[in-house]
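*Asks:* Before I ask anything, here is the structure I am working with.
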Amino acid sequence: MKTITTKEVEERLRAGEPLRIIDVREPDEVAAGKIPGAVNIPLGLIEFRMHELDKNEEYILVCRSGGRSGRAAEFLDSRGYRVINMTGGMLAWEGPVE
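Sequential numbering from 2 applies to the sequence shown in our numbering.
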C-alpha cells in the first residue's frame, strides 16, 4: 500500500497541487474539522460509493489515525483504484482545517 505523510500532503496543498482527498471518518468526526477540499465518504459507504471515483485519478485517503483509511485503501486498491493512505491521520495533521 502506498503511503504519504501529513507533511507531504500539506506541502503539496501549499504548492497549489490539486489533490483528491477522501476522508473516511464518520460525519460527526468530519464536522469537527477536515482538510480543506476533502470529500467525506465514511468507510462503511466506500463499497457503495466507489462508483463516484475515477480509476484514472489518484486519491489520498484520510481518517483519524490511519487505520480506517488503510482498510479503505486496501479495498479500493484491490478493485483497481489508485489510492494512497495518509499515515497518522488527522491526529498528526498540523495544517489548516475547514
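Think of the CB as a built atom: it goes at the ideal place given N, C-alpha and C, for glycine as much as any other residue.
When the Cβ atoms of the stretch 51-58 are set against those of the stretch 29-37, are three or more pairs found closer than 8 Å?
*Replies:* Because the criterion of three Cβ pairs below 8 Å is not met, the stretch 51-58 and the stretch 29-37 do not touch.
*Asks:* How would you call G38, buried or exposed, if buried means at least 16 neighbouring beta carbons within 10 angstroms?
*Replies:* Exposed: under 16 other Cβ atoms inside 10 Å.
*Asks:* Quick check: what's the CA-CA separation for T88 versus R65?
*Replies:* So the alpha carbons of these two residues sit roughly 10 Å apart.
*Asks:* Would you list, in sequence order, the uninterrupted alpha helix (DSSP H) runs of no fewer than 4 residues that lie entirely inside the stretch 49-88?
*Replies:* If we require 4 residues or more, the alpha helix (DSSP H) runs fully inside the stretch 49-88 come out as 68-78.
*Asks:* Along the chain, where does the alpha helix (DSSP H) containing K3 start, and where does it finish?
*Replies:* K3 -> no alpha helix (DSSP H), and no H or E assigned at all.
*Asks:* Should T7 be labelled buried (16 or more other beta-carbon atoms within 10 Å of its own) or exposed?
*Replies:* The residue in question, T7, is buried, as its Cβ has 16 or more Cβ neighbours within 10 Å.
*Asks:* Is the beta carbon of D24 sitting closer than 7 Å to the one on V63?
*Replies:* Yes, the pair counts as a contact, with Cβ atoms nearer than the cut-off.
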